[in-house]
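**Student:** Questions regarding the structure given below will be posed in turn.
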Amino acid sequence: MINVEAVYWLIGALFIAWASLIARDANHPHRLGASSFWGLLGLCFFYGTWVQAGTAPAWILGVAVLGLVALAATGRIKHGQTKTSTPAEREASAARFGNRLFIPALTIPLVTVVLVLAAPVLKIGSTPILDPKNTTLVALALGAVVATIVAVVLLKPKNKLGPVIESRRILESIGWAALLPQMLSTLGILFTKAGVGTAVSTLVTGLMPKGSLLAAVIVYCVGLFVFTVLMGNGFAAFPIMTAAIGWPVLVQQFHGNPAIVFAIGMLAGFCGTLCTPMAANFNLVPAALLEMKNKYGVITAQLGTAFPLLVVNTALMYFLAF
Numbered sequence: 001m002i003n004v005e006a007v008y009w010l011i012g013a014l015f016i017a018w019a020s021l022i023a024r025d026a027n028h029p030h031r032l033g034a035s036s037f038w039g040l041l042g043l044c045f046f047y048g049t050w051v052q053a054g055t056a057p058a059w060i061l062g063v064a065v066l067g068l069v070a071l072a073a074t075g076r077i078k079h080g081q082t083k084t085s086t087p088a089e090r091e092a093s094a095a096r097f098g099n100r101l102f103i104p105a106l107t108i109p110l111v112t113v114v115l116v117l118a119a120p121v122l123k124i125g126s127t128p129i130l131d132p133k134n135t136t137l138v139a140l141a142l143g144a145v146v147a148t149i150v151a152v153v154l155l156k157p158k159n160k161l162g163p164v165i166e167s168r169r170i171l172e173s174i175g176w177a178a179l180l181p182q183m184l185s186t187l188g189i190l191f192t193k194a195g196v197g198t199a200v201s202t203l204v205t206g207l208m209p210k211g212s213l214l215a216a217v218i219v220y221c222v223g224l225f226v227f228t229v230l231m232g233n234g235f236a237a238f239p240i241m242t243a244a245i246g247w248p249v250l251v252q253q254f255h256g257n258p259a260i261v262f263a264i265g266m267l268a269g270f271c272g273t274l275c276t277p278m279a280a281n282f283n284l285v286p287a288a289l290l291e292m293k294n295k296y297g298v299i300t301a302q303l304g305t306a307f308p309l310l311v312v313n314t315a316l317m318y319f320l321a322f
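Given below as structure tokens:
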């Protein structure tokens, strides 16, 4: 069976491969720091297997995370000048392949959907081929592998390691921000475990006008927006505000429809995603990949959508959920 641990090991192997390329780059301005950062991260994916199995102490991963933070904070992971194709070569390649360049990218969702739908019947005897608990993640990883093979066969790069070399260039262009979503998700879990939702509930319910449904809806939606801006992740903000206001006030006190309250609440949180640099994968990574002069240009363009959409979501919840 292909389980999720195999996916994590594949990701870890990629990080170690990128670290090795950086370590061999004599012209890299911070090759020791950068290679240490990505190599340490790769080793964490392997070590996490034993932590999950309960055969290794988890505190070592905590120390590794502190090491990653120290390397990033001291500016030791600046990217080098990866040897790649010239703009003229890329234009010529684009003209040659045309729309066929989209085939590898479209292969990923296609393979993922097919594998997820076929997973119940993909078995060897009575053993499923794909991990039943993490079918989508495993299918996505297989889709990425198949897409890479398709790209190599279709484009026929001179260097067969081209995908690894180019992905290293992209990774270094993004830098430490590539890890921000995972860090913020972990922060959301820590906040929930620490009882932040309960503390927020005590504070907010004491300030809200008693018996005011409108005030409760506004606090829930705006709270999700604000926490998402602070944490950079709607999924991290959702359990905090739902434990504080969504469930005890909107559902239990005002008898709101849980499906509508929580679905629209999540959308309200996503409005915050449009406005924050903490949501690096949505807002900073595209700016880095497109080499935009203003690294906050994506956020600036989205503000005009985020705030009106927050108002609309708040109104929809008030009128549809109760």
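If you read the sequence shown in the working numbering, its first letter stands for residue 1, the second for the next number, and so on.
Glycine residues also receive a C-beta, built at the ideal position from the N, C-alpha and C atoms.
Taking the DSSP output, what are the residues bridged to LEU130?
**Tutor:** ILE2
**Student:** Let me check one thing: in DSSP terms, what residues is ILE124 bridge-paired to?
**Tutor:** THR127
**Student:** Mark PHE225 as exposed unless 16 or more other C-beta atoms lie within 10 angstroms of its C-beta, in which case mark it buried.
**Tutor:** buried
**Student:** For TRP59, is the classification buried or exposed, using 16 other Cβ atoms within 10 angstroms of its Cβ as the cut-off for buried?
**Tutor:** exposed
**Student:** Taking Cβ positions, are MET241 and PHE227 nearer each other than 8 Å?
**Tutor:** yes
**Student:** By the 10 Å Cβ neighbour count, where 16 or more other Cβ atoms means buried, how is ASN99 classified, buried or exposed?
**Tutor:** exposed
**Student:** According to the neighbour-count rule (16 or more other Cβ atoms, all chains shown, within 10 Å of its Cβ), is TRP50 buried or exposed?
**Tutor:** exposed
**Student:** Is it buried or exposed, MET292, if we count other Cβ atoms within 10 angstroms and call 16 or more buried?
**Tutor:** exposed
**Student:** SER36: buried (16+ other C-beta within 10 angstroms of its C-beta) or exposed?
**Tutor:** Counting other Cβ atoms within 10 Å of its Cβ, SER36 reaches 16 or more and is therefore classed as buried.
**Student:** Do LEU161 and GLY232 have their beta-carbon atoms positioned less than 8 Å apart in this structure?
**Tutor:** no
**Student:** Taking DSSP as the reference, what is the three-state secondary structure of ASN27?
**Tutor:** coil
**Student:** Whole angstroms are fine: how far does the CA of PRO57 sit from the CA of PHE46?
**Tutor:** 13 Å
**Student:** Could you have a look at GLY304 and say whether DSSP puts it in helix, strand or coil?
**Tutor:** For GLY304, the three-state secondary structure derived from DSSP is helix.
**Student:** For the 8 Å Cβ check, are there 3 or more pairs between the segment 299-319 and the segment 186-194?
**Tutor:** no
**Student:** Is the CB of GLY175 under 8 Å away from at least one CB in chain C?
**Tutor:** Included in the structure is just one protein chain, with no chain C present.
**Student:** In angstroms with no decimal places, state the Cα-to-Cα distance between PHE102 and LEU122.
**Tutor:** One C-alpha to the other measures close to 28 Å.
**Student:** Mapping the DSSP letters down to three states, classify LYS193 as helix, strand or coil.
**Tutor:** helix
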